[in-house]
Amino acid sequence: MYLIGLTGGIAAGKTLVANWFRHQRIPVVDADAVAREVLESDAALLARVRERFGPGVFAEDGSLLRRELGRLVFGDAGALQELNEMVYPELARSLDSRLEALEDQPLVVLDAALIFEWGIEESCDEIWVVLAPDEQRIDRLLRTRGFSPEEAHERIASQIPQEDKAWRAHRVIENAAGVAELASRLREEVAPLFTGLGLSLREDSTP
1076 MYLIGLTGGI AAGKTLVANW FRHQRIPVVD ADAVAREVLE SDAALLARVR
1126 ERFGPGVFAE DGSLLRRELG RLVFGDAGAL QELNEMVYPE LARSLDSRLE
1176 ALEDQPLVVL DAALIFEWGI EESCDEIWVV LAPDEQRIDR LLRTRGFSPE
1226 EAHERIASQI PQEDKAWRAH RVIENAAGVA ELASRLREEV APLFTGLGLS
1276 LREDSTP
(Lines of atoms letter the chains of each structure in order from A and count residues from 1; the text may use other names and numbers.)
(Lines give C-alpha, C1' and ligand atoms only; values in the text may rest on other atoms or scores of the structure.)
Protein backbone atom coordinates (compact mmCIF):
# COMPACT_ATOMS: atom_id res chain seq x y z
CA MET A 1 0.00 0.00 0.00
CA TYR A 2 1.30 3.40 -1.02
CA LEU A 3 -0.14 6.03 1.32
CA ILE A 4 -0.71 9.67 0.36
CA GLY A 5 -1.33 12.02 3.26
CA LEU A 6 -3.69 14.73 2.02
CA THR A 7 -3.94 17.93 4.04
CA GLY A 8 -4.61 21.64 3.74
CA GLY A 9 -6.01 24.55 5.65
CA ILE A 10 -9.71 24.83 6.34
CA ALA A 11 -11.73 25.70 3.20
CA ALA A 12 -8.69 25.38 0.94
CA GLY A 13 -10.28 22.63 -1.15
CA LYS A 14 -8.92 19.46 0.44
CA THR A 15 -12.32 17.79 0.27
CA LEU A 16 -12.51 18.48 -3.48
CA VAL A 17 -9.20 16.70 -3.94
CA ALA A 18 -10.29 13.80 -1.73
CA ASN A 19 -13.47 13.44 -3.79
CA TRP A 20 -11.40 13.46 -6.98
CA PHE A 21 -9.45 10.48 -5.68
CA ARG A 22 -12.72 8.75 -4.78
CA HIS A 23 -13.92 9.25 -8.37
CA GLN A 24 -10.68 7.58 -9.41
CA ARG A 25 -11.75 4.59 -7.26
CA ILE A 26 -8.93 5.19 -4.78
CA PRO A 27 -9.85 4.43 -1.14
CA VAL A 28 -9.89 7.55 1.03
CA VAL A 29 -9.72 7.37 4.82
CA ASP A 30 -11.28 10.53 6.25
CA ALA A 31 -9.29 11.12 9.44
CA ASP A 32 -11.36 14.17 10.33
CA ALA A 33 -14.56 12.10 10.23
CA VAL A 34 -12.87 9.38 12.30
CA ALA A 35 -11.84 12.00 14.86
CA ARG A 36 -15.46 13.20 15.08
CA GLU A 37 -16.65 9.62 15.59
CA VAL A 38 -14.11 9.10 18.35
CA LEU A 39 -14.98 12.36 20.05
CA GLU A 40 -18.73 11.76 19.94
CA SER A 41 -18.87 8.04 20.79
CA ASP A 42 -16.24 7.42 23.48
CA ALA A 43 -17.97 7.85 26.86
CA ALA A 44 -14.74 8.19 28.82
CA LEU A 45 -13.43 10.80 26.41
CA LEU A 46 -16.69 12.75 26.54
CA ALA A 47 -16.48 12.77 30.33
CA ARG A 48 -13.01 14.29 30.12
CA VAL A 49 -14.25 16.89 27.65
CA ARG A 50 -17.11 17.80 29.98
CA GLU A 51 -14.72 18.08 32.92
CA ARG A 52 -12.29 20.29 31.00
CA PHE A 53 -14.61 22.45 28.90
CA GLY A 54 -17.80 22.43 30.95
CA PRO A 55 -21.43 21.41 30.40
CA GLY A 56 -22.01 24.26 27.95
CA VAL A 57 -20.57 22.21 25.10
CA PHE A 58 -23.23 19.52 25.55
CA ALA A 59 -26.91 19.45 24.60
CA GLU A 60 -29.60 18.47 27.09
CA ASP A 61 -29.56 14.91 25.75
CA GLY A 62 -25.83 14.63 26.46
CA SER A 63 -24.68 14.88 22.86
CA LEU A 64 -21.65 16.99 22.07
CA LEU A 65 -22.23 20.45 20.59
CA ARG A 66 -19.23 20.58 18.27
CA ARG A 67 -19.90 24.17 17.20
CA GLU A 68 -19.84 25.33 20.83
CA LEU A 69 -16.71 23.34 21.54
CA GLY A 70 -15.12 24.87 18.47
CA ARG A 71 -15.88 28.37 19.71
CA LEU A 72 -13.95 27.58 22.88
CA VAL A 73 -10.88 25.92 21.42
CA PHE A 74 -10.23 27.59 18.08
CA GLY A 75 -9.47 30.92 19.70
CA ASP A 76 -7.24 29.36 22.36
CA ALA A 77 -4.15 27.47 21.18
CA GLY A 78 -3.63 25.84 24.58
CA ALA A 79 -7.19 24.56 24.78
CA LEU A 80 -7.00 23.24 21.22
CA GLN A 81 -3.81 21.36 22.01
CA GLU A 82 -5.43 19.84 25.09
CA LEU A 83 -8.39 18.65 23.03
CA ASN A 84 -6.13 17.16 20.35
CA GLU A 85 -4.13 15.33 23.02
CA MET A 86 -7.35 13.90 24.47
CA VAL A 87 -8.56 12.63 21.11
CA TYR A 88 -5.33 11.45 19.52
CA PRO A 89 -4.68 8.08 21.28
CA GLU A 90 -8.04 6.58 20.30
CA LEU A 91 -7.91 8.31 16.91
CA ALA A 92 -4.53 6.69 16.18
CA ARG A 93 -5.92 3.25 17.02
CA SER A 94 -8.96 3.78 14.81
CA LEU A 95 -6.87 5.02 11.88
CA ASP A 96 -4.45 2.11 12.20
CA SER A 97 -7.37 -0.31 12.07
CA ARG A 98 -8.86 1.30 8.96
CA LEU A 99 -5.52 1.46 7.15
CA GLU A 100 -4.70 -2.13 8.05
CA ALA A 101 -7.94 -3.21 6.40
CA LEU A 102 -6.77 -1.53 3.18
CA GLU A 103 -3.26 -2.98 3.22
CA ASP A 104 -3.81 -4.90 -0.04
CA GLN A 105 -4.77 -1.74 -1.96
CA PRO A 106 -2.05 -0.29 -4.23
CA LEU A 107 -2.89 3.30 -3.29
CA VAL A 108 -4.75 4.83 -0.34
CA VAL A 109 -5.33 8.48 0.58
CA LEU A 110 -5.38 9.61 4.22
CA ASP A 111 -7.45 12.80 4.28
CA ALA A 112 -6.42 14.72 7.42
CA ALA A 113 -6.61 18.47 8.00
CA LEU A 114 -4.43 18.15 11.11
CA ILE A 115 -1.90 15.69 9.74
CA PHE A 116 1.05 17.71 11.05
CA GLU A 117 -0.64 18.73 14.30
CA TRP A 118 -1.38 15.06 15.04
CA GLY A 119 2.14 14.02 14.03
CA ILE A 120 0.99 11.31 11.62
CA GLU A 121 2.82 12.55 8.53
CA GLU A 122 5.65 10.06 9.11
CA SER A 123 3.22 7.21 8.44
CA CYS A 124 2.69 8.45 4.88
CA ASP A 125 4.82 7.81 1.80
CA GLU A 126 4.23 11.36 0.64
CA ILE A 127 2.30 14.44 1.73
CA TRP A 128 0.06 16.53 -0.53
CA VAL A 129 -0.99 20.00 0.61
CA VAL A 130 -3.89 21.91 -0.94
CA LEU A 131 -3.54 25.70 -0.88
CA ALA A 132 -5.95 28.56 -1.60
CA PRO A 133 -5.77 32.33 -1.01
CA ASP A 134 -6.99 33.33 2.45
CA GLU A 135 -9.62 35.67 1.03
CA GLN A 136 -11.17 32.77 -0.90
CA ARG A 137 -11.06 30.54 2.17
CA ILE A 138 -12.77 33.17 4.33
CA ASP A 139 -15.43 33.72 1.68
CA ARG A 140 -16.13 29.97 1.54
CA LEU A 141 -16.42 29.73 5.33
CA LEU A 142 -18.90 32.61 5.43
CA ARG A 143 -20.99 31.33 2.51
CA THR A 144 -20.98 27.57 3.03
CA ARG A 145 -20.58 27.10 6.78
CA GLY A 146 -22.29 30.14 8.21
CA PHE A 147 -19.21 31.34 10.06
CA SER A 148 -18.90 34.90 11.24
CA PRO A 149 -15.81 36.77 9.98
CA GLU A 150 -14.30 36.44 13.45
CA GLU A 151 -14.89 32.67 13.53
CA ALA A 152 -13.39 32.30 10.06
CA HIS A 153 -10.23 34.17 11.02
CA GLU A 154 -9.94 32.18 14.27
CA ARG A 155 -10.23 28.85 12.46
CA ILE A 156 -7.57 29.80 9.94
CA ALA A 157 -5.28 31.17 12.67
CA SER A 158 -5.67 27.99 14.74
CA GLN A 159 -3.99 25.86 12.08
CA ILE A 160 -0.39 25.67 10.92
CA PRO A 161 0.12 28.43 8.30
CA GLN A 162 -0.29 27.32 4.70
CA GLU A 163 3.27 28.33 3.86
CA ASP A 164 4.66 26.04 6.56
CA LYS A 165 2.56 23.13 5.35
CA ALA A 166 3.72 23.71 1.78
CA TRP A 167 7.34 23.67 2.89
CA ARG A 168 6.83 20.26 4.52
CA ALA A 169 4.92 18.72 1.60
CA HIS A 170 6.08 16.56 -1.28
CA ARG A 171 3.45 18.08 -3.59
CA VAL A 172 1.58 21.37 -3.41
CA ILE A 173 -1.80 21.68 -5.15
CA GLU A 174 -2.97 25.23 -5.81
CA ASN A 175 -6.75 25.67 -5.74
CA ALA A 176 -7.39 29.23 -6.81
CA ALA A 177 -8.53 28.95 -10.43
CA GLY A 178 -11.64 26.79 -10.33
CA VAL A 179 -12.61 23.13 -10.41
CA ALA A 180 -11.58 22.44 -14.02
CA GLU A 181 -8.07 23.76 -13.45
CA LEU A 182 -7.82 21.78 -10.20
CA ALA A 183 -8.83 18.56 -11.97
CA SER A 184 -6.27 19.19 -14.71
CA ARG A 185 -3.51 19.74 -12.15
CA LEU A 186 -4.45 16.58 -10.28
CA ARG A 187 -4.33 14.49 -13.45
CA GLU A 188 -0.85 15.82 -14.17
CA GLU A 189 0.34 15.08 -10.64
CA VAL A 190 -0.97 11.53 -10.36
CA ALA A 191 -0.24 10.25 -13.87
CA PRO A 192 3.33 9.03 -13.15
CA LEU A 193 2.29 7.61 -9.77
CA PHE A 194 -0.69 5.75 -11.23
CA THR A 195 1.51 4.32 -13.99
CA GLY A 196 4.08 3.13 -11.48
CA LEU A 197 1.40 1.44 -9.39
CA GLY A 198 -0.35 -0.14 -12.36
CA LEU A 199 -3.47 2.02 -11.99
CA SER A 200 -5.59 3.49 -14.79
CA LEU A 201 -6.45 7.18 -14.78
CA ARG A 202 -10.08 8.11 -15.44
CA GLU A 203 -9.87 11.18 -17.63
CA ASP A 204 -13.51 12.15 -17.06
CA SER A 205 -13.03 12.52 -13.32
CA THR A 206 -13.68 15.94 -11.76
CA PRO A 207 -13.72 16.92 -8.07
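Mapping of the sequence shown onto our numbering: residues 1076 to 1282, in sequence order. Glycine is no exception: its CB is placed at the ideal position from the N, C-alpha and C atoms.
Taking C-alpha positions only, Glu-1178 is separated from Pro-1164 by approximately 21 Å. Taking Tyr-1077 as the centre and dropping the five residues before and after it, the same chain places the C-beta of Pro-1181, Leu-1182, Asp-1200 and Leu-1272 closer than 7 Å to its C-beta, in chain order. Rounded to the nearest angstrom, the gap between the Cα atoms of Leu-1121 and Leu-1140 is 11 Å. With the rule of 3 Cβ pairs closer than 8 Å, the stretch 1082 to 1097 does not count as touching the stretch 1134 to 1151.
In this chain, Leu-1274 is not harboured by any beta strand (DSSP E), its DSSP state being neither H nor E.
The beta carbon of Arg-1215 lies closer than 7 Å to those of Ala-1086 in the same chain, with the five residues before and after it left out.
Shortest Cα-Cα distance from Gln-1211 to any of Pro-1236, Gly-1253, Glu-1196 and Trp-1193 involves Gly-1253.
Shown here, Asp-1179 sits in coil according to DSSP, grouped into three states, outside any helix or strand.
In the structure shown, Leu-1121 adopts helical secondary structure according to DSSP, grouped into three states.
Within a 10 Å sphere around the beta-carbon of Leu-1276 sit fewer than 16 other beta-carbons, which makes this residue exposed. Restricting attention to beta strand (DSSP E) runs no shorter than 3 residues, the stretch 1162 to 1237 encloses them at 1182 to 1186 and 1201 to 1206, ordered along the chain. Between the beta-carbon of Asp-1171 and that of Asp-1105 there is about 15 Å, and that puts the pair past the 8 Å contact cut. Membership of Val-1104 in any alpha helix (DSSP H) is not indicated; the residue belongs instead to the beta strand (DSSP E) covering 1103 to 1105.
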